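Okay, structure first, notes after.
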Amino acid sequence: MCQEACHQGPTIWDYLAWAPLPESVLCRTCQDLWQTKIEGQVICWGCGRALSQEARDPYHAVAIWQDQHAYCQECQAWLSRYPIDLIHHQALCPYQGALRQWLHSYKYLGDIRQAQAPAQRLRAFASQHPKAHWLVLPSSPASLAQRQFHATRQLLEVAGLKVVCPFDYVGDGVKQASKSRQQRLALGQVFALKEEMLAHLPRGEWWLFDDVYTTGSTLLRAKSLLYPVAKIRQIPLYSFSLFREGRAEK
Numbered sequence: 088m089c090q091e092a093c094h095q096g097p098t099i100w101d102y103l104a105w106a107p108l109p110e111s112v113l114c115r116t117c118q119d120l121w122q123t124k125i126e127g128q129v130i131c132w133g134c135g136r137a138l139s140q141e142a143r144d145p146y147h148a149v150a151i152w153q154d155q156h157a158y159c160q161e162c163q164a165w166l167s168r169y170p171i172d173l174i175h176h177q178a179l180c181p182y183q184g185a186l187r188q189w190l191h192s193y194k195y196l197g198d199i200r201q202a203q204a205p206a207q208r209l210r211a212f213a214s215q216h217p218k219a220h221w222l223v224l225p226s227s228p229a230s231l232a233q234r235q236f237h238a239t240r241q242l243l244e245v246a247g248l249k250v251v252c253p254f255d256y257v258g259d260g261v262k263q264a265s266k267s268r269q270q271r272l273a274l275g276q277v278f279a280l281k282e283e284m285l286a287h288l289p290r291g292e293w294w295l296f297d298d299v300y301t302t303g304s305t306l307l308r309a310k311s312l313l314y315p316v317a318k319i320r321q322i323p324l325y326s327f328s329l330f331r332e333g334r335a336e337k
């Protein structure tokens, strides 16, 4: 990530874990970056945003408590449109600084080597959810043609996770990153469900993955397609992302 030579060897904790020693592609400084967490007095249950009960700024204030969970103003609005079961998301890291630069290099410049950087963090998250089946959203044909790889699938597969994409892309082909916040929120359904793929998944948990949570609209549209099937089969449905977009979002 930082382009510095990496001579980091295994730590004592690696030896005590009685597992194959990790071959890190990151220096200690960059490893520490991937261990950063979203910190706040309260974390929004719906989207992972850091909140404060004393905040006067609506962006960081707790808008509502429901079932002992705090929700921000945006997720309060989502609660009026979607079942409460869908309004839950976990984000691993804040989207800022060197991590934002990493995603630009990986996803928008197409440096597939960068997929190794978050692998350890993703494996650690996966180890906490042994019943999980990992799902990803489809890329548009234009994005696949330009990048030559599926960005989110690649991240999970490099981390050693089995991945299923149970959707077809039926959108307008315009990249999400090029759309304004208002355009994302106004977007219609861009996915079609491939139910035959879900039929072959055993019981467990469905975790839908994306790289960045910005408005939540894309993930919620996808989850709304999965929800009827998951409800009939009594399968918990969750979503998570590497990052939660911060205040700079447009």
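In this text, residue positions in the sequence shown follow my numbering: the first is 88, and each later residue adds one.
The beta-carbon is built from N, C-alpha and C at its ideal position, and this holds for glycine as well.
Computed from a predicted structure; not experimentally measured.
Extent of the continuous alpha helix (DSSP H) to which residue i belongs
i	result
Arg200	Careful: Arg200 lies outside any alpha helix (DSSP H) and carries neither H nor E.
Cys162	160 to 166
Phe212	206 to 214
Gln233	228 to 234
Val316	304 to 320
Trp121	Here Trp121 belongs to no alpha helix (DSSP H), and DSSP marks it neither H nor E.
Gln241	238 to 245
For residue j and residue i, believed in contact at Cβ under 8 angstroms, the rounded distance
i	j	result
Leu173	Tyr314	6 angstroms
Cys180	Leu295	Not a contact, Cβ separation roughly 18 angstroms.
Ala157	Trp132	6 angstroms
Val129	Leu120	Actually they do not touch by this definition, with Cβ atoms about 24 angstroms apart.
Val250	Leu243	5 angstroms
Cys134	Arg331	7 angstroms
Gly258	Ser227	6 angstroms
When the options are compared against residue i, the one with the closest alpha-carbon
i	options	result
Trp189	Gly135, Ala238, Gln233	Ala238
His287	Asp298, Glu126, Val129, Pro253	Pro253
Gly291	Gly275, Lys249, Lys218, Ile319	Lys218
Gln276	Asp298, Ser304, Leu231	Ser304
Ala246	Leu196, Ala211, Arg308, Tyr256	Ala211
His175	Arg168, Ser167, Cys162	Cys162
Gln215	Gln177, Val129, Tyr195	Gln177
Trp293	Leu280, Cys159, Lys310, Tyr195	Lys310
Gln241	Thr301, Lys194, Thr123, Glu141	Lys194
Leu306	Pro289, Leu324, Arg320	Leu324
Gln233	Val257, Gly258, Ile199, Leu248	Ile199
Arg308	Thr123, Glu141, Cys159, Pro170	Pro170
Ala317	Arg331, Thr302, Arg168, Glu282	Glu282
Gln140	Gln122, Asp154, Ile125, Cys159	Cys159
Delimiting residues of the beta strand (DSSP E) encompassing residue i
i	result
Leu280	278 to 280
Leu248	Neither: Leu248 is in no beta strand (DSSP E) and is coded neither H nor E.
Glu292	292 to 300
His220	219 to 223
Leu329	324 to 331
Tyr195	Segment: none, Tyr195 is in no beta strand (DSSP E) and carries neither H nor E.
Hey, is the stretch 204 to 214 in contact with the stretch 148 to 168, meaning 3+ C-beta pairs nearer than 8 angstroms? No contact exists between the stretch 204 to 214 and the stretch 148 to 168.
Are there three or more Cβ pairs, one per stretch, closer than 8 angstroms when the stretch 180 to 194 is compared with the stretch 220 to 229? Under the Cβ criterion (8 angstroms, minimum of three pairs), the stretch 180 to 194 does not count as touching the stretch 220 to 229.
Quick one: complete beta strand (DSSP E) runs, 3+ long, within the stretch 129 to 162? Within the stretch 129 to 162, the complete beta strand (DSSP E) runs of at least 3 residues are 151 to 153, 156 to 158.
Taking only runs of the alpha helix (DSSP H) that begin and end inside the stretch 164 to 191, which ones reach a length of at least 4 residues, in chain order? Segments of the alpha helix (DSSP H) lying fully in the stretch 164 to 191: 184 to 190.
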